[in-house]
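Chemist: Below are the structure tokens for one structure; questions will follow.
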Amino acid sequence: MNLSNCPQCGKVYVTNHYKLCANCLRDIEDQYRKCVDYLRQNRRCNLNELSEGTGVSIRMIIRFIREGRISTKDAPNVQTPCESCGEPIRDGTLCVGCRSKLSRDVQHMHEDTRRKEGLDMNEFGNTYMKDRSKFDKR
Numbered sequence: 000m001n002l003s004n005c006p007q008c009g010k011v012y013v014t015n016h017y018k019l020c021a022n023c024l025r026d027i028e029d030q031y032r033k034c035v036d037y038l039r040q041n042r043r044c045n046l047n048e049l050s051e052g053t054g055v056s057i058r059m060i061i062r063f064i065r066e067g068r069i070s071t072k073d074a075p076n077v078q079t080p081c082e083s084c085g086e087p088i089r090d091g092t093l094c095v096g097c098r099s100k101l102s103r104d105v106q107h108m109h110e111d112t113r114r115k116e117g118l119d120m121n122e123f124g125n126t127y128m129k130d131r132s133k134f135d136k137r
């Protein structure tokens, strides 16, 4: 039996896969239920209204959305900030602009790696073969 301190309240608890004590886990589930119930009654609310109406922090609501526990399909005004630039987005963690920038950066890294590998091969492998082919023709 492993014991650990709860990161939220500091109490000692038996370690579980949630990494929270039973009381804190119950509090989080209560906050989740409040959010879901409020969204069912007020589908047009935004993130701030949801937080004010339920008393749940915006950070916790964003966590529920990112974990996939709260769906934004039926709540068109609930938008979370992009993790990179902070622009409001409906789903995912990055906005379209940041996703495309990340994609371009990764593509450039792959191209640079291929280019570097190509230079290394030309520098050592192909140079020798060119010289060798000149000698074979004589």
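Start counting the sequence shown at 0; every next residue gets the next number (numbering that gives the first Met the number 0). Here a beta-carbon is modelled for each residue, glycine too, at the ideal position from N, C-alpha and C. These numbers were taken from a predicted model, which means no experiment stands behind them.
Arg-32 and Asp-73 look like a contact to me (Cβ under 8 Å); what is the Cβ gap, rounded to whole Å?
Modeler: The residue you call residue 32 lines up with position 33 of the sequence shown. The residue you call residue 73 lines up with position 74 of the sequence shown. Their Cβ separation, rounded to whole angstroms, is 16 Å, which puts Arg-32 and Asp-73 out of contact at 8 Å.
Chemist: Please confirm if the segment 0 to 10 is in contact with the segment 19 to 26, defined as three or more CB-CB distances below 8 Å between the two stretches.
Modeler: Taking 8 Å as the limit for Cβ pairs, the verdict is that the segment 19 to 26 does touch the segment 0 to 10.
Chemist: What do you get for Val-77, buried or exposed, if any count of 16 or more other CB atoms within 10 angstroms of its CB means buried?
Modeler: Taking the sequence shown and counting its residues from 1, one reaches residue 77 at position 78. Buried, since its Cβ has 16 or more Cβ neighbours within 10 Å.
Chemist: By DSSP, does Asn-41 sit in helix, in strand, or in coil?
Modeler: Locating residue 41 in the sequence shown gives position 42, where the first residue counts as 1. Note: Asn-41 maps to coil in three-state DSSP.
Chemist: To which residues of the same chain is Arg-89 closer than 7 Å at the C-beta, ignoring the five residues directly before and after it?
Modeler: If you number the sequence shown from 1, residue 89 lands on position 90. Result list for Arg-89: Thr-71, Gln-78, in chain order.
Chemist: Let's test the definition: count the other Cβ atoms within 10 Å of the Cβ of Thr-14 and tell me whether it reaches 16, buried, or not, exposed.
Modeler: The sequence position of residue 14 within the sequence shown is 15, counting from 1. Exposed, since its Cβ has fewer than 16 Cβ neighbours within 10 Å.
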